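Residue numbers (the UniProt record's numbering), protein chains in the order written: chain H, 1 to 328; chain P, 1 to 289. Each residue gets a CB set at the ideal place from its N, CA and C atoms; glycine is no exception. Everything numeric in this text was worked out from a predicted model, so none of it was measured. Below is one structure; the comments refer to it alone.
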């Protein structure tokens, strides 16, 4: 087990209190239940962004997370609608399938580095969208609609998760589910980073040849990391499909892939919780600017550029002292 | 068959020009310019404004596209990319900046020109018809010739002019170029501006045939990335080869695979993956460019 400092325990407790008690209370008090949906989206995007962050951790720029999110969403949707499988079973299957595809695709493309890898993952997103349009099982541009809400999950007759369609507020249920998933994702991420694997990843980030010369099995690690990353993407996408109750080829596009990358950059690549913060800021920033109407995009992109100009190492670099050349 | 080859040459010439600008910027500054497609769209809209709206001659529109994008590129390099490269601890930060710029250009184009498809009157009328084996409108032939001429003059410029020599030295080794007395900051700016100008020029040329609309930017960037990957990043000959190869693949794919639906790009991507598994640096790229 990891030993956490008392400060970290306090932080963890504050996180739980905030997410599971204070936020629902505020929402209940203000009556704005639509905020549940917004926060759920933030949580899911943060899960997918966590995967992107992990590939950054081995020194690869991943702009292909949208592809795996789309894949996860379709796998879960097809299993639930065509095979009548329970959503709770289809969720891990969607993640595992995305990881499996990531291994197949990763074998050739993970040999690429730097800009080459960034470009091919970007192309990958576009290709998955095109594939979803062309294949018969995905139902083309019409997509898969009216996916049923997640059903009951019970073990030995004890109900663990109630049937979502019987709840009076399924959005709240989705919110709690996502919060738990997000917590698990980031706990796993933290565990990976602070383990032997994390050390090996950092050594690869700095110099792959050197790492391999001292006995690090780099081809194994990069495929493992890419698979974990895509697993997160698949889970996030599957959950998204279930909440929206529909999946279209345009559910996750190139712009979404770029946004996942932006979340990581904005939060800061050196910090595990960077992508979570980045997602929150970007998503709410975009929502707040909605008031500006047609100037929304203009102001949003200008802010991005200005932010990049003055804080090129991410938001969290404000608080923490700069580590000299940590990225190189 | 002749038709497919002619289409391939036509597509390849314009693709090669787009890839040239992208690869130039990448070679000089190690920046992956996400906004390249948007610069191309912007160039198209400038020509549309001057030629289609204000009634200037077509060549004047093209020149305006080049000038506008050249100045824009220079300003962007000077005030955005150069400071970020200096301050950031990671190279990749420039990618976020480029992505932000892509969004920014999209927003500007939307506000200035709207989201409708825009076209301009034809520059030359008539269709070249060789026995119904090869049918090609004259304006396409003209644009194709102009594109090839631009590529040739760009290569000559890079090969023989003082600026071109400096740019090539910079692409080879930044520090060595600086030690030899090349003004690195100035030539980075010129290089970026040239890359942006090439994108604007293609946009201006193609507005006469395909027209221009807001949504063209992103897909164009993606195609440009594919070409650069085929040819090898940062190599001029590679960009030209990549552009021509992708042009031919697309022309052949659209002709042969059309009965199976929209799978041309799927096939191109699968072959690209197999190709990259064998040769990760592309046809002519340096390993790990």
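Burial state of residue i, where buried means 16 or more other Cβ atoms lie within 10 Å
i                      : result
residue 59 of chain H  : buried
residue 231 of chain H : buried
residue 5 of chain H   : exposed
residue 199 of chain H : exposed
residue 31 of chain P  : buried
residue 250 of chain P : buried
residue 180 of chain P : exposed
residue 253 of chain H : buried
residue 106 of chain P : buried
residue 247 of chain P : buried
residue 307 of chain H : buried
residue 1 of chain H   : Low local confidence applies: a pLDDT of 48 at residue 1 of chain H is under 50, so the model's placement there is unreliable, and no value is given.
residue 292 of chain H : exposed
residue 350 of chain H : Because chain H is modelled from 1 through 328, residue 350 of chain H falls outside the range shown and cannot be assessed.
residue 14 of chain H  : exposed
residue 128 of chain P : exposed
residue 34 of chain H  : exposed
residue 258 of chain P : exposed
Neighbour list for residue i in chain H, Cβ cutoff strictly below 7 Å
i                      : result
residue 72 of chain P  : Neighbours of residue 72 of chain P on chain H: none; closest Cβ ~14 Å, over 7 Å.
residue 229 of chain P : 116, 119, 120
residue 92 of chain P  : 61
residue 87 of chain P  : 312
residue 100 of chain P : 301, 304, 305, 308
residue 84 of chain P  : 308, 309, 312
residue 96 of chain P  : 262, 265, 308
Neighbouring residues, chain P, relative to residue i (Cβ below 9 Å)
i                      : result
residue 294 of chain H : 107, 110, 111
residue 17 of chain H  : Going along chain P, no residue has its Cβ under 9 Å from residue 17 of chain H, so there is no contact; the nearest lies around 33 Å.
Under 9 Å between C-beta atoms of residue i and residue j
i                      : j                      : result
residue 237 of chain H : residue 68 of chain H  : yes
residue 9 of chain H   : residue 272 of chain H : no
residue 58 of chain P  : residue 101 of chain P : no
residue 75 of chain P  : residue 84 of chain P  : no
residue 72 of chain P  : residue 309 of chain H : no
residue 143 of chain P : residue 217 of chain P : no
residue 66 of chain H  : residue 235 of chain H : no
residue 285 of chain H : residue 263 of chain H : no
residue 225 of chain P : residue 127 of chain H : no
residue 63 of chain H  : residue 104 of chain P : no
residue 116 of chain H : residue 276 of chain P : yes
residue 215 of chain P : residue 227 of chain P : no
residue 179 of chain H : residue 19 of chain H  : yes
residue 70 of chain H  : residue 129 of chain H : yes
residue 19 of chain P  : residue 231 of chain P : yes
residue 239 of chain H : residue 222 of chain H : no
Listed by chain order, chain P residues near residue i by CB distance under 8 Å
i                      : result
residue 108 of chain H : 273, 274, 276, 277
residue 112 of chain H : 276, 280
residue 298 of chain H : 104, 107, 108, 111
Residue i: contacting residues in chain P (beta-carbon distance under 7 Å)
i                      : result
residue 123 of chain H : 222, 225, 226, 269
Proximal chain H residues relative to residue i, where beta-carbon distance stays under 9 Å
i                      : result
residue 233 of chain P : 114, 115, 116, 119
Item checked: Three or more C-beta pairs below 8 Å linking the segment 232–248 of chain P and the segment 38–56 of chain P -> Flag = no, the segment 232–248 of chain P and the segment 38–56 of chain P do not touch.
Item checked: Members of the segment 125–140 of chain H near chain P, C-beta cut-off 7 Å -> Taken in chain order, the members of the segment 125–140 of chain H whose beta-carbon sits within less than 7 Å of a beta-carbon on chain P are 126, 127, 130, 131, 133, 134.
Notebook entry, point to check: Would you call the segment 209–219 of chain P and the segment 192–200 of chain P touching, i.e. three or more CB-CB distances under 8 Å?
Noted result: These segments do not touch.
Notebook entry, point to check: With contact counted as at least three CB pairs below 8 Å, one residue from each stretch, are the segment 83–90 of chain H and the segment 294–301 of chain H in contact?
Noted result: no
Checklist line | the segment 140–151 of chain H contacting the segment 74–85 of chain H, beta-carbon criterion three pairs below 8 Å | finding: yes
Next item on the list: State whether the segment 125–145 of chain P contacts the segment 159–175 of chain P, with contact taken as three or more CB pairs (one from each stretch) at a distance under 8 Å.
Entry: no
Check: Just by C-beta distance, which residues in the segment 19–46 of chain P are closer than 7 Å to chain H?
Finding: 26, 32
Notebook entry, point to check: Taking Cβ-Cβ distances below 8 Å as the criterion, which residues of the segment 261–279 of chain H are in contact with chain P?
Noted result: 261, 262, 265, 266, 269
Note to self: Closer than 8 Å between beta carbons: that is the criterion. Which residues of the segment 195–219 of chain P meet it against chain H?
What the structure shows: 218, 219
Next item on the list: Take every Cβ of the segment 264–278 of chain H, pair it with every Cβ of the segment 99–113 of chain H, and state whether three or more of those distances are shorter than 8 Å.
Entry: Touching, no, given that fewer than three Cβ pairs across the two stretches are closer than 8 Å.
Note to self: Give me the subset of the segment 203–230 of chain H whose CB atoms are less than 9 Å from a CB atom of chain P, sorted by chain position.
What the structure shows: none
Next item on the list: Would you list, in chain order, the members of the segment 153–182 of chain P that have their beta-carbon closer than 9 Å to a beta-carbon of chain H?
Entry: none
Notebook entry, point to check: Closer than 7 Å, Cβ to any Cβ of chain P: which residues of the segment 229–263 of chain H, in chain order?
Noted result: 254, 258, 262
Checklist line | Three or more C-beta pairs below 8 Å linking the segment 206–214 of chain H and the segment 36–43 of chain H | finding: no
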